[in-house]
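> One structure is given below, represented as structure tokens, and several questions about it will come after.
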Amino acid sequence: MDRLSSLENEIASLRKTLQEKEHELYELRKEFTLQQISTEPNYQQCDVNNISKTNIGDKLTKLDIMRYSRQILLPDIGVSGQEKLCAAKVLVVGAGGLGCPAALYLAGAGVGQIGIVDYDTVDLTNIHRQVLHGEGDQHVSKAESAANSLRSINSHIKIVPYNIQMDSTNALEIASKYDVILDCTDNVPTRYLLNDACALTKLPLISGSALKMEGQLTIYGYRATKNPNEKDQSYIGPCYRCVFPTPPPPETVGSCSANGVAGPVPGVIGSLQALEAIKLIVGQTHEKLLVERMLLFDGEDMTFRTVKLRGRASACAACSDTPTISRLIDYTAFCKAQATEKDLDLQILPQSRRMSPPVLSRHMTEGGDAGPLLVDVRSAPEYGMCRIEGTVNWPSDSLRGETLEKLLEEVRKCARQVIFICRRGNDSQIAAQTVIDAIEEPHKSKIMDLKGGLHAWSREVDNNFPIY
Ligand SMILES: [Zn+2]
């Protein structure tokens, strides 16, 4: 462990030095380029009057022109668009699968200030999609890790990491320092929090989501008043609450950790969030932006579709002319869901029906053939990844109708204890309760679950069991 922490410290210190050197190199290159102008052979021959006629935009340096030339060439961006990008401040909330590619392209495009918010640390399971983090960043703050990568892409812009959980106490203060907010989070409470913060500060919110093989993207709270190119200056696009006035039931919302996600899917959506941010900053009008429209990406059959969203709701609690929300509220309570992906411990079964991993291990060893029947209720792909030897797989999603009846028959025939097992000890309780409710009295007493699930099993009994 000593070697581990000393290496981690050494690498952190080397990274800091590397960043300082990279910044120094950038400044030196800039100086060198400027010097070159005065020492180039042609320079001497130039008529001073001609030099003064070289106009490279009011605010861009020669180096800026060179660096961003490939996008300045686009009529949609041009010099004035690049000047706006260099002056823009964008806040990226979430340094995960969406936030990493989004921030990467914003840094590349020269957005003057990028804030990046994330309370979490880098985990090995993040790296397949969170492209700003590497293996050496594990256990490092995601905000800091992302900021380090962004600085190495563009040392000329300001990167501000916020290693905090965005909540009602800090969202307004942070958001009000920026021009555009990107919602790159993965939970409903934070979506409402950011929406209301953007409605109160009148900032546009570019909202992305990605799960399994599908992604979605739209812009909420767009206001024409900030864009001189808009003909109708009174136009306001819908906010998240206009479209979704009430939160969905928490059990219907999936998460990447529970349902999985293919890495390139958030990569696509995050990149497009950056593109919408760039278009918005350079002054594209709302017809060309994803305002009042939602992009749906399906990676399974590789289709992009856009669906029309309802317009701004005249009675919207957040963005109407007479809003009922005048300050940020408790969004965890409002959505009846938590804003983090950390383990949620349900208490459905009484303690007497909950078996700890060491006790189960003992029963299995001592019981031999008479040991308990182990019912693993995770999905088939999860079961395929790793399982305790001797378990049988009955995915909890299909425990109804005929399948449930078949399982009940197995339990009735079984003379031993029946232990339900899942990843974290929540689904196992739900499945066990389903069986307890459906089965006849003499069999009810056999039913138990593995407390804390396979995560606890890995911690307390078998360290070789992978935690995912
Ligand atoms: Zn609204």
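According to the numbering used here, the residues represented by the sequence shown are 2 to 469, in order.
Beta carbons are placed, not taken as given, at the ideal position from N, Cα and C, and that holds for glycine.
1) Less than 7 Å between C-beta atoms, sequence neighbours within five positions excluded: which residues of the same chain meet that for Val462?
2) Can you tell me which residues form a DSSP beta bridge with Tyr221?
3) Does the beta-carbon of His129 have 16 or more other beta-carbons within 10 angstroms, so that it is buried, or is it exposed?
4) For Asp322, tell me which candidate among Ile237, Gly216 and Ile440 has the shortest Cα-Cα distance.
5) From Ala200, Ser14, Glu28 and Gly113, pick the residue whose C-alpha is nearest to that of Ile282; which is it?
6) Note down, in chain order, each residue of its chain lying with its Cβ closer than 6 Å to the Cβ of Lys60, except the 5 sequence neighbours on either side.
7) Leaving out five residues on either side along the sequence, give the residues of the same chain with a beta carbon under 7 Å from the beta carbon of Ala108.
8) Are Gln1 and Ala225 closer than 7 Å when you measure CB to CB?
9) Residues in the same chain with beta-carbon distance under 6 Å from Val118, minus the five sequence neighbours each way, listed in chain order, please.
10) Taking only the alpha-carbon atoms, compute the straight-line gap between Met303 and Ala200 and give it to the nearest angstrom.
11) Counting Cβ pairs closer than 8 Å, one from the segment 208-222 and one from the segment 271-280, do we hit at least three?
12) Considering Gln166, what are the terminal residues of the beta strand (DSSP E) in which it resides?
13) Along the chain, where does the beta strand (DSSP E) containing Met386 start, and where does it finish?
14) Below 8 Å CB to CB, which residues in the same chain sit around Trp395 once its five sequence neighbours on both sides are set aside?
15) So which of Ala278, Arg460 and Cys336 has the shortest CA-CA distance to Ile78?
16) Using only alpha-carbon positions, find the residue among Tyr193, Tyr27 and Ser6 that is nearest to Ala338.
17) Applying the criterion that 16 or more other CB atoms from any shown protein chain within 10 Å of the CB defines a buried residue, is Glu174 buried or exposed?
18) Please report the distance separating the alpha-carbon of Asp138 from that of Ser146.
19) Assign Ile420 to one of three DSSP states: helix, strand, or coil.
20) Quick check: what's the CA-CA separation for Tyr69 versus Glu23?
Quick answer:
1) For Val462, same chain residues with a beta-carbon under 7 Å away, outside a window of 5 residues either side, are Pro358, Pro359 and Ser362 in chain order.
2) Leu206
3) Taking a 10 Å sphere around the C-beta of His129, we find fewer than 16 other C-beta atoms and assign the residue as exposed.
4) Ile237
5) Gly113
6) Glu84
7) Ile115, Leu151, Ile154, Asn155 and Ile158
8) There is simply no residue 1 to check, as the chain begins at 2 and stops at 469 in what is shown.
9) Val94, Tyr163 and Met167
10) 34 Å
11) yes
12) Looking at the DSSP string, Gln166 is not in any beta strand (DSSP E), and its letter there is neither H nor E.
13) That residue, Met386, is in no beta strand (DSSP E); its alpha helix (DSSP H) goes Ala381 to Met386.
14) Val376, Asp377, Val378, Thr404, Leu408 and Ala432
15) Ala278
16) Tyr193
17) So Glu174 counts as exposed.
18) 6 Å
19) strand
20) 19 Å
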